[in-house]
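Colleague: Take a look at this one; I'll ask things after.
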Amino acid sequence: RGVSPTITSPDGKNSIHINGRVYGDYDFIRADDNPAGNHFNTSASQLRSARIGIDGKFAQDFQYRFNVEFAGGTEVKDAYIDYNAPFTTPFFFRVGQYKTPNSLEQVADDFNNTFMEQAAFIGGTQNNGFGLDRSIGAGTAAESDKDNYTVAFGAFSQNARNTTAAKSGGYQLAARATKAFKFNNTDDELVHVGGSVRWRDLNNQTDNDAVIYRARPFFNNTNRSINTGTLNNVNGDLFLGPELALVYGPFSFQSEAGWNYVDGAKGRDDATGLWGGYMDVSYYLTGESRRYSRGAFRSTKVLQPVTNGGWGAWQLATRVDYLDLNNTSADIRGGQQWSAIVGLNWLPVDFVKLSLDYAHTHVFNGNGITTQGDDNSIDGVAARAAINF
Amino acid sequence: RGVSPTITSPDGKNSIHINGRVYGDYDFIRADDNPAGNHFNTSASQLRSARIGIDGKFAQDFQYRFNVEFAGGTEVKDAYIDYNAPFTTPFFFRVGQYKTPNSLEQVADDFNNTFMEQAAFIGGTQNNGFGLDRSIGAGTAAESDKDNYTVAFGAFSQNARNTTAAKSGGYQLAARATKAFKFNNTDDELVHVGGSVRWRDLNNQTDNDAVIYRARPFFNNTNRSINTGTLNNVNGDLFLGPELALVYGPFSFQSEAGWNYVDGAKGRDDATGLWGGYMDVSYYLTGESRRYSRGAFRSTKVLQPVTNGGWGAWQLATRVDYLDLNNTSADIRGGQQWSAIVGLNWLPVDFVKLSLDYAHTHVFNGNGITTQGDDNSIDGVAARAAINF
Amino acid sequence: RGVSPTITSPDGKNSIHINGRVYGDYDFIRADDNPAGNHFNTSASQLRSARIGIDGKFAQDFQYRFNVEFAGGTEVKDAYIDYNAPFTTPFFFRVGQYKTPNSLEQVADDFNNTFMEQAAFIGGTQNNGFGLDRSIGAGTAAESDKDNYTVAFGAFSQNARNTTAAKSGGYQLAARATKAFKFNNTDDELVHVGGSVRWRDLNNQTDNDAVIYRARPFFNNTNRSINTGTLNNVNGDLFLGPELALVYGPFSFQSEAGWNYVDGAKGRDDATGLWGGYMDVSYYLTGESRRYSRGAFRSTKVLQPVTNGGWGAWQLATRVDYLDLNNTSADIRGGQQWSAIVGLNWLPVDFVKLSLDYAHTHVFNGNGITTQGDDNSIDGVAARAAINF
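Residue numbers (this note's numbering), protein chains in the order written: chain Y, 926 to 1314; chain B, 926 to 1314; chain S, 926 to 1314.
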């Protein structure tokens, strides 16, 4: 849960925990052909995340989580209640704003992901991709640590940040299922397989049925490198995302793909060619294993923290990430890019992480909106100090 | 106080409690004559409120409360210190930003009001009405649970959100007195009578002495239905608000009126015709009573919470609400509206509430600013999931 | 630490404390020659500060502090982690956003400063001066209560609020050293000497190497009285700040100066004439002493709090403050001002302070940007209710 303690009532029925995180980044980024009006070049620091909130339980069977992000503009993130109804166990119910159940990397707490930024197709809050995001909605899910499976389903409106502007925002339906196979009766040898689906209905009278897909060159503190621009006349889109991961002692492999089908309206053709994906391997030099539970990676337990005179946990990792936002038959020319990333993470203790990532991104077949020229490479190196409360 | 626990020091002189609330709404609203540039039609969700803060006591005789709202823009709400000086008991002193002592529905925690939105004349933060609101000021009050009375008086400047723009913001004086008569020596059979007054001085050189009155058609997630536009050349206004309420077991009746007299300046006539009011009845099907204490309704104690295998508390309610913003002799033509509202509330446990409200609003004698046409009806249905921390 | 309690785990290795503060101000300000488009005249209240966050320790040797300001716009303030590595004692390490180690008055918690606003040359968040501010960076420091010294050094980028706009923000190096001499083996008779330095590199391609220096007439809730306007073509600036303070029982003397050398670029001459400083004396009528520890003034311990039937702590103080933003050879004509301030502070209990300050500011040799005329006087009186959590 992070470094801050959980306070529990004597009867164990109520508890409260202050959650949050602070990420301080320094970025040095250079493009080999840096367009004049669209400078990628960066040498600056930023607070990448500064979040605080509360979570806990009450009346035994209810749980809540609420937090607010303050970096890069103020925004409510999680804001939901869970009800673990005894008569529907193992299913529980959730209402409020929370992450739609999509993608292994998206559902995890960012702190427990291997690299500083998510894969390009996921997008998250500020980078967009295929727009996997928190939304206001309700749903149900079942999770089991014993049987190593999860299933989740939800119906959603939009993220709270959008609801002031748009009075009619369509809806989303999303579902995810995962299963882990553990070997040798141990938690650190396992294979995860999973998949998720999301249907977004964008069809409404007032908003011109618009959508946008775009991405940055891995790092956040720079401009976007590929971008479809605003696509009007779209009924909706369908996201499909298979997942595969493996943990074998200190070694881990992780991979996902995401296909996004765009359902055209009013004469716009359907787009079937937008997709992205990644593959990575990582290794703990100091012997730790990535922790996995209920369909997501969790926080690593540091074997020899510096406070015990140890070296902390050291992790080496590399990833290839790809995103294709081109579909000429549907007149979508957002561009394509691949990134090669190498990362080093040091956790002196649990819940504190210093990261150093290098990324080389190659952009091609673009539309001139963001890349000014057909071939462009962007190199960046970034350091982060992160703490999870 | 909500679902989160209060932490108290061993000597009992200091305590802290994390307060807050999250309201997630879904609104479906249709106008029978929906103007092009002023669409009332909505089918969207929003975070209606997402608030967090702290309250507690220190040095035995002092109390504080501080919280911030994050939904629909970030804003400091309560920010005050109370001093319960032993030598002035039962009077205590308050300084900071807090609600001016006006209106039975306004002084209550919203969670404990029967319907999803306040009466139109009250206005609150985003809906305006006669502008009853929190303001920076200081005052004194006495409250007694034993003798069932309250008196309060305060002198105020403006709400903190306004103080950046306006360097000279006039002042407000407000007072309220209430008395409850309990029958049969029980807390759930009582009559509440009360009244409040507020004088706002808007007279200053820099701000053109401007004021605005307006309202939405009950629901918040749509445009305003009646609106005076900006009224210049106003010295100030005087608000008078009588209150009457009754609790008789599971049954409750509640009613208020609000008159607002506008004191014209520089040739503008006085306005005496602006007023609003409401009447409602509510009934707990599951036997609970509305809780009342020290001049305000408090949180209902659920008799059979779902965590004990019960059905929670179910409440049915209906209200008629009226607001008249027309005064032709003073050249104020904001329009008039009445709303009929039916509501159903379900509290599965204390401090969690699911609400379903239907409202029919009829707008007439408008000025064309917001209604485009003399007669317009707006129908809406909304659902809310709410938690109080 | 303020009025809210610290919660510590049974083993003493982890703790959490909710920090924050609320300052409610009322200002009455009049200029003897109030320019039309630049009105200084104010009679209004404001929330001067409304801040909340958490601090604590974890894993024994780590500490964190995180808080957010909500008054006058939302902004992350402190966001850092400390590591007290046993093998480098007495030095500890800090990473994140925190105050650059400059100026006796700047490094203190504002609550413990004698007057309602800092000296003009310091500037702080909204008043600018020479721009002493929190920034994202990393550094090391050593502090000793036993030997009464501090040394600190850090390398910084910018404040998080600036990093969205500017992708290349230069860097800062800052250092400070202090020593206190205590007499008669007591904590309330001491002399503090100290000094700090800061070098800011503003040289980069994208931002036009711009800097601005400016100040308000002591009070915050009015316009700026002197102002260099934006200075382009500047490589950087060097700040030097000597400090001297004395505590002798209830009496205290405090003084600082700040020189700011501007390193011109592209034909702009260097500026050597910008400087400011202040001197003040204060006296506790009720016998308290200002508390000093590790290079900064700390919260006063009230001897006879009102909750024990006492009068609280009463403090009288007066200050002369000066700032010169003119250097004609470098074509910088921001103006000059001096202020005479008289203040009265009442602390009914620890961590609650009511302040009443009067200030007379005289502005001269200005450039017309802010003062419209060569000689102008501004008088103000302000009251504040403050609480520290």
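Virtual Cβ for every residue (Gly too), placed ideally from N, Cα, C. Source: prediction; values computed, not measured.
Is there a C-beta anywhere in chain B that falls below 8 angstroms from the one on residue 1090 of chain S?
Modeller: Interpretation of residue 1090 of chain S is limited by its pLDDT of 48, a score under 50 that renders its predicted location unreliable; the figure taken from the coordinates is listed afterwards. So, not an interface residue.
Colleague: Might you give, ordered along the chain, the residues of its own chain that have their beta carbon closer than 8 angstroms to the beta carbon of residue 953 of chain Y, omitting 5 neighbours on each side?
Modeller: Answer for residue 953 of chain Y: 967, 968, 1305, 1306, 1307, listed in chain order.
Colleague: Classify residue 1056 of chain Y as buried or exposed, calling it buried when 16 or more other Cβ atoms lie within 10 Å of its own Cβ.
Modeller: By the neighbour-count rule (16 or more Cβ atoms within 10 Å), residue 1056 of chain Y is buried.
Colleague: Does any residue of chain B bring its CB to less than 8 angstroms from the CB of residue 974 of chain Y?
Modeller: Chain B contact via Cβ: absent.
Colleague: Does residue 1229 of chain B get closer than 8 angstroms to chain Y when you measure Cβ to Cβ?
Modeller: No, because no Cβ of chain Y sits closer than 8 angstroms to the Cβ of residue 1229 of chain B.
Colleague: Measuring alpha carbon to alpha carbon, tell me which of S:1102, S:1126, S:1109 ends up nearest residue 1117 of chain S.
Modeller: Comparing Cα-Cα distances from residue 1117 of chain S to each of S:1102, S:1126, S:1109, the minimum goes to S:1102.
Colleague: Enumerated in chain order, which unbroken segments of the beta strand (DSSP E) with a length of 3 residues or greater are wholly contained in the stretch 1164 to 1245 of chain S?
Modeller: Taking only runs of at least 3 residues, the beta strand (DSSP E) segments lying wholly in the stretch 1164 to 1245 of chain S are 1176 to 1189, 1196 to 1209, 1216 to 1218, 1221 to 1223.
Colleague: Between residue 1082 of chain S and the rest of its own chain, which residues show a CB-CB distance below 7 angstroms, the 5 nearest in sequence each way excluded?
Modeller: Excluding sequence neighbours, residue 1082 of chain S sits near 1060, 1061, 1062, 1094, 1096.
Colleague: How is residue 929 of chain Y classed by DSSP in three states: helix, strand or coil?
Modeller: Correct three-state label for residue 929 of chain Y: coil.
Colleague: What distance in whole Å lies between the Cβ atoms of residue 974 of chain Y and residue 994 of chain Y, which are believed to be in contact at a cut-off of 8 angstroms?
Modeller: The pair is a contact, with the Cβ atoms about 7 angstroms apart (cut-off 8 angstroms).
Colleague: How many Å lie between residue 1090 of chain B and residue 1151 of chain S at the Cα?
Modeller: Unreliable positioning characterises residue 1090 of chain B in this predicted model, as indicated by a pLDDT of 49, which lies under 50. The coordinate reading is nonetheless provided below. Approximately 21 angstroms, taken between the alpha carbons.
Colleague: DSSP puts residue 1138 of chain Y in a beta bridge; with which residues?
Modeller: Beta-bridge pairing links residue 1138 of chain Y to no other residue.
Colleague: Using a cut-off of 7 angstroms between C-beta atoms, extract the partners of residue 999 of chain Y located in chain S.
Modeller: Residues of chain S passing the Cβ test: 999.
Colleague: Could you list which residues in chain B have their beta carbon closer than 7 angstroms to that of residue 1238 of chain S, in chain order?
Modeller: Chain B residues near residue 1238 of chain S: none, gap ~13 angstroms exceeds 7 angstroms.
Colleague: Let me know the secondary structure DSSP gives residue 1030 of chain Y once reduced to three states.
Modeller: Note: residue 1030 of chain Y maps to helix in three-state DSSP.
Colleague: Strictly under 8 angstroms for the Cβ-Cβ distance: is residue 1207 of chain B near chain S by that measure?
Modeller: Cβ-Cβ to chain S under 8 angstroms: no for residue 1207 of chain B.
Colleague: Indicate whether at least one CB of chain Y lies closer than 8 angstroms to the CB of residue 1136 of chain S.
Modeller: It does not: the Cβ of residue 1136 of chain S has no partner Cβ on chain Y nearer than 8 angstroms.
Colleague: Which runs of the beta strand (DSSP E) spanning at least 3 residues fall entirely within the stretch 1062 to 1100 of chain Y, listed in chain order?
Modeller: You should have 1074 to 1081.
Colleague: Using C-beta distances below 7 angstroms, list every residue in its chain close to residue 1175 of chain S, excluding the 5 sequence neighbours before and after it, in chain order.
Modeller: Here the set comprises 1208, 1209, 1212, 1213, 1214.
Colleague: Which same chain residues end up closer than 7 angstroms to residue 1064 of chain S when comparing Cβ atoms and leaving out the 5 residues on each side of it in sequence?
Modeller: Once the five neighbours on either side are set aside, the close Cβ partners of residue 1064 of chain S are 1019, 1077, 1078, 1079, 1080.
Colleague: Checking contacts by CB at 8 angstroms: is residue 930 of chain S closer than that to chain B?
Modeller: Yes, residue 930 of chain S counts as interfacial toward chain B.
Colleague: In whole angstroms, what separates the C-alpha of residue 1104 of chain Y from that of residue 944 of chain B?
Modeller: Cα to Cα, the separation comes out at about 39 angstroms.
Colleague: Looking at the secondary structure, which residues open and close the beta strand (DSSP E) in which residue 996 of chain Y lies?
Modeller: Residue 996 of chain Y -> no beta strand (DSSP E), and no H or E assigned at all.
Colleague: Can you tell me where the beta strand (DSSP E) with residue 1316 of chain Y in it begins and where it stops?
Modeller: Chain Y is shown only over 926 to 1314; residue 1316 of chain Y falls outside these bounds and no answer can be derived.
Colleague: Decide if residue 1147 of chain B is buried, meaning its Cβ has at least 16 other Cβ atoms within 10 Å, or exposed.
Modeller: That one is buried.
Colleague: If you drop the 5 nearest sequence neighbours on each side, which residues of the same chain put their C-beta closer than 6 angstroms to that of residue 932 of chain S?
Modeller: Closer than 6 angstroms at the Cβ level, and outside the excluded window around residue 932 of chain S, lie 941.
Colleague: Roughly how many whole angstroms lie between the Cα atoms of residue 1043 of chain B and residue 1253 of chain B?
Modeller: The alpha-carbon atoms of residue 1043 of chain B and residue 1253 of chain B are separated by roughly 27 angstroms.
Colleague: State the DSSP-derived secondary structure class of residue 1150 of chain S, mapped to helix, strand or coil.
Modeller: Reduced to three states, the DSSP call for residue 1150 of chain S is coil.
Colleague: Per DSSP, which one or two residues make a beta bridge with residue 1024 of chain B?
Modeller: For residue 1024 of chain B, which the question treats as bridged, DSSP gives the partners B:1059.
Colleague: Kindly confirm or deny that the stretch 1026 to 1043 of chain S and the stretch 976 to 983 of chain S touch, where touching means at least three C-beta pairs closer than 8 angstroms.
Modeller: No, they do not touch.
Colleague: On the DSSP letters alone, give me the boundaries of the beta strand (DSSP E) that residue 1261 of chain S sits inside.
Modeller: Residue 1261 of chain S -> beta strand (DSSP E) spans 1257 to 1272.
Colleague: What residues of chain S sit near residue 947 of chain Y, judged by a beta carbon separation below 7 angstroms?
Modeller: By Cβ distance, chain S contributes 991, 1004, 1021.
Colleague: Between the Cα of residue 1001 of chain Y and those of B:972, B:938, B:1145, B:1087, spot the shortest distance and give me the residue it belongs to.
Modeller: If we check each option's Cα against that of residue 1001 of chain Y, B:972 comes out closest.
Colleague: Answer yes if the stretch 1138 to 1145 of chain S comes into contact with the stretch 1280 to 1288 of chain S, meaning at least three C-beta pairs across the two stretches below 8 angstroms, and no otherwise.
Modeller: Flag = yes, the stretch 1280 to 1288 of chain S and the stretch 1138 to 1145 of chain S touch.
Colleague: Quick one: what's residue 946 of chain B bridged to in DSSP?
Modeller: Note: residue 946 of chain B sits in a beta bridge opposite B:976, B:1313.
Colleague: List the residues of chain B that residue 985 of chain Y touches, going by C-beta distances under 8 angstroms, in chain order.
Modeller: Under the 8 angstroms cutoff, chain B gives 1232.
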